[in-house]
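So the structure is just underneath, and the comments pick up after that.
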Amino acid sequence: MSRNSLFATLALCFSSSRLLVGCHGLNEEPWQPPRADKDYGKPLPPGQLALRKIPPERYPDFRPAFEDRAGLEQAVRHSLDYLSRPSSRRYFPYGDVSHPRAVRSLQEFLAVLGEARSPDELDKLIRERFEVYQSVGCDDRGTVYFSGYYTPIFEGRKQADGRFRYPLHKFPPDLVKTDDGETLGRRNPDGSITPYYTRAEIDERQPLRGQELAWLKDPFEAYVVTVQGSAKLRLQDGSLWELGYSGNNGYEYNPIAMALIADGKIRRDELSLQTLMRYFSQHPEDIPVYTRQNPRYVFFKETSGGPYGSINVPVTPRRSLATDKQVFPRACLAYAVTPLPRQEGGQIRTQPYAGFLLDQDTGGAIRAAGRADVYFGVGPGAEALAGRTGAEGALYYIFVRDMPDMAATAGAPGADDR
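According to the working numbering, the stretch in the sequence shown is residues 4 to 421, in order.
Written out as structure tokens, the structure is:
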């Protein structure tokens, strides 16, 4: 989705919970107060990757994942689809993980899922057939901060009218990006390339007039969509129109939440998307004051069958993970140990979690080895879960043992990722 994850940023204004490794129980994990003493986005030294191979005695307990398989095989097959594309080969080798080994790891994991008949057998097969790598985290001790994101549903229109007058834009013709999707800037008439317009310049000067794709009735809702990087819009006839990420203007994401707290507009302990929406509905004059402090702007295209992650495969609730693709391997199998929220009996409870996810997305707020973002789905229910996600944990990746460095296929070739 290459979105910035508003909730990823909101979550960093809350605290992390304590690290829970190998927990079988479902005791509720209480929400913790903020931690301001850790830089979860601390960059790694140049050339260093996020993952480090660990010895078997440090492998996590894989047994808790035995019962939790919803959407897992589907997400694995989406990753295999990505790895079948010739363009995916350019991102390997990742350390000692070749492209064929990445493919074979997912294929062997599907085989293990079919063979394991108990939690103990699942744990045994993974230990026998795979090697485990762990993220070094923000502190070289494996500490990773997990947040959550979702796809919002807002009312929208394909044509502007008196109520729906806040635009989302399609990819502009003068914006230049690389084959990998990295934004280079604006191509000028003389062929030179200069930095693209900032959000403030787009709002104030309206250089994208005529490039509008959709219209929303609320300016802060339009801002949220450009932060999340995708949305479903409910049209006048009740149908849902899906918009996906198409590109960005090349600027780093700058969260507005901390500015609101620093200015005394909201309290830190009140911070949530609902609080921000309530504040801006009561003070609409402040919307441009704060949103224009975030220079990053996202462009959209019509999609179907999504939402899609940054590797251009559908993202799966509680199975798709967003990480920094500069330091983590694309499409590969991860294992997270961290508290996550779950809806039970009409209530949201945060509980110890240990389960498999696929690295299929990225985000402007997700940087370095100490950050990861879990996708929760579409609409208000997913919004509530994403808003309750924010905790420290451990992040592992598993790769099949003794994979010869030879060609392997994952199925029929597909379209290149963007």
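Note that the Cβ used here is the ideal one computed from N, Cα and C, for glycine as well.
Bear in mind the structure is a predicted one, so any value in this text is a computation, not a measurement.
Item checked: Endpoints, alpha helix (DSSP H) assigned at PRO355 -> No alpha helix (DSSP H) holds PRO355; the beta strand (DSSP E) holding it covers 350 to 364.
Item checked: Alpha-carbon spacing of GLU124 relative to PHE402, whole angstroms -> 18 Å
Check: Which of helix, strand or coil does DSSP assign to ILE264?
Finding: helix
Margin query: At the level of alpha carbons, what is the spacing between HIS81 and VAL316?
Written below: 6 Å
Item checked: Rounded distance between the beta-carbons of VAL381 and LYS235, thought under 8 Å -> 6 Å
Checklist line | Beta-carbon contacts of ILE259 that lie in its chain and below 7 Å, excluding the five residues immediately before and after | finding: TYR293, THR294, GLN296, ASN297
Next item on the list: Could you pull the start and end residues of the alpha helix (DSSP H) that GLU386 belongs to?
Entry: 383 to 390
Next item on the list: Grab me the residues of MET280's own chain with a C-beta within less than 7 Å of its C-beta, minus the 5 sequence neighbours each way, in chain order.
Entry: PHE223
Note to self: Closest to SER323 by C-alpha separation, out of ASP272, PRO198, LEU360, would be which residue?
What the structure shows: LEU360
Note to self: TYR356 and PRO63 - do their beta-carbons sit closer together than 8 Å?
What the structure shows: no
Notebook entry, point to check: Thinking just about the alpha-carbon of each residue, which of CYS141, GLN214, GLY151 is nearest to the one in GLN162?
Noted result: GLN214
Margin query: Bridge partners for LYS45 per DSSP, in chain order?
Written below: According to DSSP, which records beta bridges pairwise, LYS45 is partnered with nothing at all.
Checklist line | Residue from GLN209, GLY194, SER195 whose Cα sits closest to the Cα of THR429 | finding: This structure cannot speak to residue 429, because the chain is shown only from 4 to 421.
Next item on the list: Please report how far the alpha carbon of GLN45 lies from the alpha carbon of GLN239, in whole angstroms.
Entry: Before going on, a small fix: residue 45 reads as Lys here, not Gln. Looking at the two C-alpha atoms, the distance is approximately 45 Å.
Next item on the list: Note the first and the last residue of the continuous beta strand (DSSP E) segment covering GLU134.
Entry: 133 to 138
Check: For LEU86 versus ALA337, is the C-beta distance shorter than 8 Å?
Finding: no
Item checked: Inter-residue CB distance, GLY253 and TYR199 (contact presumed, cutoff 8 Å) -> 5 Å
Check: Given 8 Å as the limit, is there contact between the segment 103 to 113 and the segment 146 to 155, that is, 3 or more CB pairs closer than that?
Finding: no
Item checked: Three-state secondary structure (DSSP) of THR12 -> In this prediction, THR12 has a pLDDT of 47, which is less than 50 and means its spatial position is unreliable; nothing more can be read from the coordinates.
Checklist line | Three-way DSSP call (helix, strand, coil) for ARG255 in this model | finding: At residue 255 the sequence reads Glu, which differs from the Arg that was named. The answer is coil: DSSP assigns GLU255 none of H, G, I, E or B.
Note to self: With a threshold of 8 Å, are at least 3 pairs of Cβ atoms found where one atom belongs to the segment 125 to 142 and the other to the segment 42 to 61?
What the structure shows: yes
Check: Which residues in the same chain have their Cβ closer than 8 Å to the Cβ of LEU246, if we skip the five residues on either side of it in sequence?
Finding: LEU171, LEU216, ALA217, VAL228, SER233, ALA234, LYS235, LEU236, PHE303, LYS304, GLU305, THR306
Margin query: Here's a check: name, in chain order, each residue in its chain whose Cβ is nearer than 7 Å to the Cβ of ILE205, leaving out the five neighbours to either side.
Written below: LEU211, TYR300
Notebook entry, point to check: Taking Cβ to Cβ, would you say ASP362 is nearer than 8 Å to ILE369?
Noted result: no
Check: Given that a residue counts as buried once 16 or more other Cβ atoms are within 10 Å of its Cβ, and exposed if not, what is ALA225?
Finding: buried
Item checked: With 16 other Cβ atoms within 10 Å as the buried cut-off, status of GLU134 -> buried
Notebook entry, point to check: Can you tell which of ALA371, ARG391, GLY393 has its C-alpha closest to the C-alpha of PRO49?
Noted result: ALA371
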